[in-house]
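Just so you know, we're using our numbering here: the sequence shown kicks off at 61 and counts up by one. Where a beta carbon is used, it is the ideal one built from N, C-alpha and C, also for glycine.
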Amino acid sequence: MREREAGQRAEDQVAAEAGLAVTHEAAAGVARGVEPDPVSQGFAAIDWSLPWFAQFAARGRRWQQAALTGYADLLAAMNADAAQLQQTTGRGQRLAFIAQDDLPAGAAYEAHIASTGCVPTRHNLHDFFNGSMWFAFPRIKAALNARQSAELDLLGVGPTRGGVRDMLTLFDENAVLFACADPSLGAALRGFDWQTLLVARRAAWRRGCEVRCFGHALLEKLIAPFKGCTGHAWIVDVPAAYFEWDSAARDAWLDEAVAAALLDTDALTSRMFAPLPVLGIPGWWPDNESPTFYDDTSVFRAGRRQR
């Protein structure tokens, strides 16, 4: 439990700006003098038409309805899907979801998942999106769990998580997958060259590059999107044919390639990421149709090019 609490503090730093949008139903309840239920309010606020949620909508809508019914219903829906698809965690254990209170006292969260296959899950948006990633990118989630549990075996649970575990947590919480078939676009992202990536080469999006959200804390923040909301981009070189595939085939390719990279790379550090303000992604936010959207240097920073 101490490990989950320590992990939650790290998650809270990543998700500090997270907010819940007020639904029309909740607003009506306030007008009648009824205090809105913050849990239901949060799940009801998911708009599956938005690009960062749309990729998970098919399963997400079912889980959303279960979550609005109750905690037990959400766990039942998640476990039904896990049983059908036979997903596994970092050490090959069959994936399942348990109530947070069922995590044994003193057990390390990641180690428990690796050894038992059981993911402690709360009735909130954060863990809802975490569960979703076990199905959207199961190999990546299993690879993260394998590396986290291996680090725990090596170093134990201490007052700090260490550089590798910090990187893995950052990936799990806030990563976006930047799939790129044109090396110049990846170079523009690494170089903070926003004008090239998001303005001059705007037409290359969805033909030479695209983004898939992964971090569950990032998705939670995007319930109430704000201009400065930034993901940690993991750049993935993909073949040109990638952009001819359907969404499921793309996700499967990314899942396998990124999982292999996480397992095969010894020196994992946070410097492997490139910051990407997600509302700047072409087609993701109406305001970015105007080039002046990118003139805000508090969001689209010069970064390492100035150092």
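Contact between residue 342 and residue 265 holds, since their C-beta atoms are separated by about 4 angstroms, short of 8 angstroms. In this structure the region 166 to 185 lies against the region 196 to 209, because at least three pairs of beta carbons, one per stretch, are closer than 8 angstroms.
Out of 292, 185, 239, the CA that lies nearest to the CA of residue 227 is found in 292.
Within the region 255 to 303, the complete beta strand (DSSP E) segments of 3 residues or longer fall at 269 to 273, 290 to 297, listed in chain order.
Collapsing the DSSP output to three states places residue 157 in a strand. Residue environment for residue 349: exposed (fewer than 16 other C-beta atoms within 10 angstroms of its C-beta). Around the beta-carbon of residue 223, fewer than 16 other beta-carbon atoms lie within 10 Å, marking it exposed.
Sequence-distant partners of residue 177 (beyond 5 residues in either direction) whose C-beta falls short of 8 angstroms from its own C-beta, in its chain, are 148, 149, 153, 154, 155, 156. Distance check between residue 288 and each of 360, 276, 318 places 360 closest, using alpha-carbon atoms only.
At a cut-off of 4 residues, the continuous stretches assigned as alpha helix (DSSP H) that sit fully inside the region 170 to 234 are 185 to 196, 198 to 215, 223 to 234. Beta-bridge annotation (DSSP): residue 334 is paired with 293. For residue 244, the uninterrupted alpha helix (DSSP H) segment begins and ends at 243 to 250.
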